[in-house]
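*Asks:*
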Amino acid sequence: MYAFAFQRPKSLADAVTAIGAEEDGKLLGGGQTLLPTLKQRLAQPSALIDLSAVPELKGITEAAGGLTIGAFTRHAEVAHSATVARVIPALASLAEGIGDRQVRNMGTLGGSIANSDPAADYPSAVVGLKATVKTDRRDIAGDDFFTGMFETALEPGEVIVSVHFPKPDKAAYAKFRNPASRYAVVGVFVAVFGSEVRVAVTGAGPSVFRLPSFEAALAGNFSAAALDGLTVDADGLNADLHASAEYRAHLVGVMAKRAVTAAG
Amino acid sequence: MANPSGIGASVRRREDKRFLTGSGTYTDDINRPGQTFACMVRSPHAHAAIRGIDTAAALAMPGVVAIYTGADMAADNVNGLPCGWLIHNKDGSPMKEPPHFPLARDRARHVGDTVAVVIAETREQAKDAAEALVIDYEERPAVASAVKALEPGAALVHDDVPGNLCYDWHLGDKAATDAAFAQAAHVTTLDLVNNRLVPNAMEPRAAIGEYDRATGEHTLYTTSQNPHVIRLLMGAFVLGIPEHKLRVVAPDVGGGFGSKIFHYAEEAIVTWAAKKVGRPIKWTAERSESFLTDAHGRDHVSRAELALDKDGNFLALRVHTVANMGAYLSTFASSIPTYLYATLLAGQYKTPAIYAEVKAAFTHTTPVDAYRGAGRPEACFLIERIVDKAAIELGIDKAELRRRNFVPKEAMPYQTPVALQYDTGDFAKNLEMALPVVDYAGLAQRKTDAKARGKLRGIGFATYIEACGIAPSNIAGALGARAGLYESAEVRFHPTGSVTVFTGSHSHGQGHETTFAQLVADRFGLPIENIEIVHGDTNKVPFGMGTYGSRSLAVGGSALVKAMDKVERKAKKIAAHLMEAAEADIEVKDGKFSVAGTDKAVTIGEIALAAYVPHNYPLEELEPGLDEQAFYDPKNFTYPNGCHVCEVEIDPETGVTEVVAFTAVDDFGRVINPLIVEGQVHGGIVQGIGQALLENCVYDDETGQLVTGSYMDYCMPRADDVPSFTVQYHEDQPCTHNPLGVKGCGEAGTIGASAAVINAVVDALAEYGVTHIDMPATPQKIWQIVRQATPAMAAE
Ligand SMILES: Cc1cc2nc3c(=O)[nH]c(=O)nc-3n(C[C@H](O)[C@H](O)[C@H](O)COP(=O)(O)OP(=O)(O)OC[C@H]3O[C@@H](n4cnc5c(N)ncnc54)[C@H](O)[C@@H]3O)c2cc1C
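Protein sequences, first through last, are from chains Z and B.
According to UniProt numbering, numbering within the first sequence proceeds without interruption in unit steps and concludes at 264.
According to UniProt numbering, numbering within the second sequence proceeds without interruption in unit steps and concludes at 796.
1. Whose CA, out of A450/B, E121/B and K260/B, lies closest to the CA of R205/B?
2. Using a C-beta cutoff of 8 Å, does S181/Z count as contacting chain B?
3. Decide if H615/B is buried, meaning its Cβ has at least 16 other Cβ atoms within 10 Å, or exposed.
4. Specify, as a first and last residue, the run of the alpha helix (DSSP H) that residue 800/B falls within.
5. In chain B, what lies closer than 7 Å to Y247/Z by C-beta?
6. Grouping DSSP H, G and I as helix and E and B as strand, with all else coil, what is V209/Z?
7. Here's the rule I'm using: 16 or more other beta-carbon atoms within 10 Å means buried, otherwise exposed. How should M1/Z be labelled?
8. Going along the chain, which residues of the stretch 48 to 68 of chain Z sit with their C-beta nearer than 8 Å to a C-beta in chain B?
9. Since I believe G258/B is in contact with A370/B (beta carbons under 8 Å), could you give me their beta-carbon distance rounded to a whole number of angstroms?
10. Under a CB-based cut-off of 8 Å, is S244/Z close to chain B?
11. Cα-Cα, which of A249/Z, F222/Z and L27/Z is closest to V54/Z?
12. CB of D121/Z to nearest heavy atom of ligand 1: below 7 Å?
13. Does any CB atom of chain B fall closer than 8 Å to the CB of V201/Z?
14. I want to see whether chain B comes within less than 8 Å of F214/Z, judged by CB atoms only; does it?
15. Return no unless some Cβ of chain B is closer than 8 Å to the Cβ of V190/Z.
16. Quick check: is the beta carbon of C697/B nearer than 8 Å to any beta carbon in chain D?
17. Between the stretch 683 to 694 of chain B and chain Z, which residues of the former have CB atoms less than 9 Å from a CB of the latter, in chain order?
18. Would you verify that the beta carbon of V254/Z is, or is not, closer than 8 Å to some beta carbon of chain B?
19. Exposed or buried, M149/Z, counting other C-beta atoms within 10 Å across all chains shown (16 or more means buried)?
20. Can you pull the chain B neighbours of E176/Z, defined as C-beta to C-beta under 9 Å?
21. Compare the Cα-Cα distances from residue 802/B to each of N539/B, Y464/B and K429/B and report the closest residue.
22. Tell me whether K26/Z, by its Cβ, gets closer than 7 Å to a heavy atom of ligand 1.
23. With hydrogens ignored, establish whether the beta-carbon of V103/Z is closer than 7 Å to any heavy atom of ligand 1.
24. In whole angstroms, give me the CA-to-CA distance for L241/Z and L94/Z.
25. For the alpha helix (DSSP H) holding R447/B, just list the boundary residues, first then last.
26. To the nearest angstrom, how far is it from the Cα of F406/B to the Cα of I459/B?
27. What residue range is occupied by the uninterrupted beta strand (DSSP E) comprising Y211/B?
28. Check whether the Cβ atoms of I160/Z and A200/Z sit closer than 8 Å, and answer yes or no.
29. Which residues in chain B have a C-beta closer than 7 Å to the C-beta of L237/Z? List them in chain order.
30. Would a check of beta-carbon distances place V707/B closer than 8 Å to chain Z?
31. Return yes when the C-beta of H80/Z is under 7 Å from any heavy atom of ligand 1, and no when it is not.
32. Below 9 Å on C-beta distance, what does D713/B contact in chain Z?
33. Do G480/B and W85/B count as a contact pair if the criterion is CB distance below 8 Å?
34. Would H75/Z count as contacting chain B if we go by Cβ distances under 8 Å?
35. Got a sec, what are the start and stop residues for the beta strand (DSSP E) V656/B sits in?
Put into structure tokens, the structure is as follows:
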């Protein structure tokens, strides 16, 4: 690591001021992505603004017919929350499937979505559940939040405060994990809101995306069989050592069916 | 009453408390007064000429103490790291041994090759300065695959090694083998790859060099499986330091799996540089450095052919193997694909003729050397795969084909056609023990049930044998070993009856502090608390060849028995004196020395006291004290063997393989601590499953870059990747030539498991016409097979 200044603000206002005052500061969530990057000397921020003591960023509350989850909520808290299990159980099971126990005990919702890793799980829930990302200055629709690989709609110095997830009629997440890192090779989040069906795919492309053809098929008939014969174009999908674009395209279909079956 | 800590008792590992509570002392836990820190500057290129290194800017950085390059080492006449085993080519000429300098001189030959060392007050300062070093590299073409390295026109790793060929070696009777093939009713052929692995010990390598100006003594603290071997290699060959001025300490070591046998560049660098800077120097690898510089394992490409008669009897086996040595010869690299591999190609079978050719190639990759099993898993994988393929081709049941060809126990001792003489083994018994446990009879039903759930179920056998307890020094020497392979032990009774044992074996996870103490407790009727096992320090232990090849108990334990024999012989004389009896009348049992036919007895504790306070003592005939040393040189290898059976279920939609059951029936000879043995088998099986399904070290063939350089891509097996294992053993076939009857258990799991897993995967995929799949059998690979086969099946 290169040397950096360290601050631990006690309020959202102080955090916003602190990050605004830094030339090249970085907000620190659970550190699960940021700290390895620093250890490998791949980044050299002037300061880390640790968000762990900001009360406004914490907590899980049932609100406005859904859930509002603070940005500094650890994955393990979401996974084990009775409230989440009752209101949107698919979200709890998604969180339970992130990385490993150590990662879940440290990593946060805000850090995960701010990072916009193409293989991260949460982006599929943010898009699949029509969530709203609340920051220190505005509300951003989930559909508009992820703009590309490791890119989001966040402005410099903008702090995610919470994410509001509306309650779906039913939802489920099916993940095919990378055997080594355990990130998503392909993850499919399926949610039903009345007559609307959402299918959000993570891992397969540069950033989370929806599958209109799957959504249309499921809107008429919410069953795995409704997806028979539908395929996903491998063009433009990610390819690496563990999965070619063709394999990923295939897995999207398989995981979508499994998510639909799990949603019931 | 039997000693609760004696032989055969499942004593819990005494060392675990300190490991599990964070109070172990690993090399990186040691801090020496005035210590500095080293950062190794490593080549980012697989192959590059080093045209110049400008140290000026880096030297001016804060905290920098010194920077050294290959030129500084050359000026001090530092030699290359030696190879410990000389292999001869088919024509009798010696293998090519290009120098392996600790700091590269004119050329970097793999990503991670050590090019310079920066020494500074702190780790971070050393890293900062390393970034400021200006190295003028001229990139050259690289070759990573051993097969490609041997092709004409391949980039040369060493200018004076034509065709990158280290050696072209063979073993066995070619004429007899060819003749048998000419007669064969059936020939099964199999091309296979034994995938390259990264060892991944939990503790990364580390080294501290220190020099005492007052005494002229050098000390090296290092993560080693064999500190005496490091002292010998580094002292005598690399740095020219005599043994009495060089102390090597290997304290607690967090796993080795072979990768900590070898003498590494960093050890020589910190030892040499500590004298130059006049301060201790610590280096600790980061995990990325471990990936790039710990010697890798396996990496064979082979063609195997098995000749059979019409009844399925094996007539001959012919094997061609290309082995990757990496950029330089690591300490025992040359012996792994030869004497630790081809000598095992008979397996458990009475194949009368075997011929093996092995070409070893240099490539622009990290050196490859022994990794848990070392050669023997490669041999087992090849044999057990081709036997399965032959069974499929001939339509003979896989268990039955094995049974038909086993060396019968009546044939022991059995001379194989590939140099080894098995002393004992009842291979049919292992198999017959395993079959009911795995419910072989119920397999068809389980396959049907799986099918109903949309899964493909398969079973795989591996009936393995290995050669452990390396090795009779004279035989090893005749085959090219440049060291003896005995072991030493010293048993020191203290005046009040407690015991310290000094052993040349080294424990880095094997549990010697428990097992070795059990041997002493058993012999002398002592509570285990009264026995201390000391290892890992050349200033304490008389000598040692260290721990690898499952040799500790068979060789180190036997040395300990010999030392205890000497103690007992002397104690008997003292007892006879104390009880005024004839030595011949002294009977010894559980540490009690009694006069036959009387109730007179003294304990070993009383004898020890008399030996150290010799007031009533036969001083004319006997020296005081009770402290004996012994060396043991084995008479043969030991031959652990067993039958491993794996059952898998494959999800054809995703290609994911789940290991649903794994059973191991092993013959390790006599078992000292069943709990530790079971733990060793568990760990070995997990590593074998890792190789078969998950682990793969991949280099980019164009650039020579390590693609799987972190845990993001290199997949280690985890607890949820494996089922609960069924582990059984029998003690019917003790080793005939060592005093304990033990064979060794440290590598067995790794040797049997990967073949059993792949055989199970192939069995599960049989309906897709699959006859082989290379490791690791990843979901993507299996999905491709299923996808390619499905249209054809649908068309039928
Ligand atoms: C071994 C391993 C396995 C993993 N497996 C998975 C997996 O399976 N699935 C998965 O989804 N993820 C996985 N992760 C990622 C992990 O779960 C975290 O979500 C991720 O590392 C980021 O969260 P964090 O809280 O650690 O953020 P940090 O690392 O602290 O920060 C990440 C980025 O977010 C920014 N940031 C943090 N908080 C905020 C905020 N409130 N507002 C604005 N910006 C902010 C930081 O400045 C930084 O740029 C894995 C990580 C590891 C190390």
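Glycine included, each C-beta is placed from N, C-alpha and C at the ideal position.
*Replies:* The answer reads as follows:
1. Nearest Cα to R205/B within the set A450/B, E121/B and K260/B: K260/B.
2. Yes, because at least one Cβ of chain B sits closer than 8 Å to the Cβ of S181/Z.
3. By the neighbour-count rule (16 or more Cβ atoms within 10 Å), H615/B is not buried but exposed.
4. Absent from the structure is residue 800/B, since the part of chain B shown begins at 1 and ends at 796.
5. Those within 7 Å of Y247/Z in chain B are Q780 and W783.
6. Val is not the amino acid found at residue 209/Z; the sequence shown has Phe there. F209/Z: strand per DSSP, three-state reduction.
7. Exposed, by the Cβ-count rule.
8. Cβ contacts with chain B come from no residue of the stretch 48 to 68 of chain Z.
9. The pair is a contact, with the Cβ atoms about 4 Å apart (cut-off 8 Å).
10. At least one CB atom of chain B sits nearer than 8 Å to the CB of S244/Z.
11. Comparing Cα positions, the closest option is L27/Z.
12. Taking non-hydrogen atoms of ligand 1 into account, the C-beta of D121/Z is found less than 7 Å away from one of them.
13. Not closer than 8 Å to any Cβ of chain B, the Cβ of V201/Z fails to qualify, so no.
14. No, its Cβ sits nowhere closer than 8 Å to a Cβ of chain B.
15. Closer than 8 Å: no.
16. Among the chains of the structure shown, chain D does not appear; the protein chains present are Z and B.
17. Taking a C-beta cut-off of 9 Å against chain Z, the contacting residues of the stretch 683 to 694 of chain B are L693 and L694, listed in chain order.
18. Residue-level contact by beta carbon holds for V254/Z and chain B, with a gap shorter than 8 Å.
19. Per the 10 Å Cβ criterion, exposed.
20. The sequence given here places Phe at residue 176/Z; Glu does not occur at that position. Those are T654, V656 and P779, listed as they occur along chain B.
21. The question about residue 802/B has no answer here: the residues shown for chain B are numbered 1 through 796.
22. Correct: K26/Z has its Cβ closer than 7 Å to ligand 1.
23. Relative to ligand 1, the nearest heavy atom lies less than 7 Å away from the CB of V103/Z.
24. Taking the straight line from one Cα to the other gives about 24 Å.
25. Before going further, note that residue 447/B is Lys rather than Arg in the sequence given. Secondary structure note for K447/B: its alpha helix (DSSP H) is the uninterrupted segment L443 to A452.
26. Going from the Cα of F406/B to the Cα of I459/B covers about 20 Å.
27. Where Y211/B is concerned, the enclosing beta strand (DSSP E) stretches over A206 to D212.
28. Contact flag unset, no.
29. Those within 7 Å of L237/Z in chain B number zero; the least Cβ separation is about 14 Å.
30. Chain Z, which has a Cβ nearer than 8 Å to the Cβ of V707/B, makes this yes.
31. Flag unset: Cβ of H80/Z not near ligand 1.
32. Ordered by position in chain Z, the residues that pass the 9 Å Cβ test against D713/B are N178, A180, S181, D240, L241 and H242.
33. The Cβ atoms of W85/B and G480/B lie closer than 8 Å to each other.
34. H75/Z is outside the set of residues whose beta carbon lies under 8 Å from a beta carbon in chain B.
35. Residues V656 to D667.
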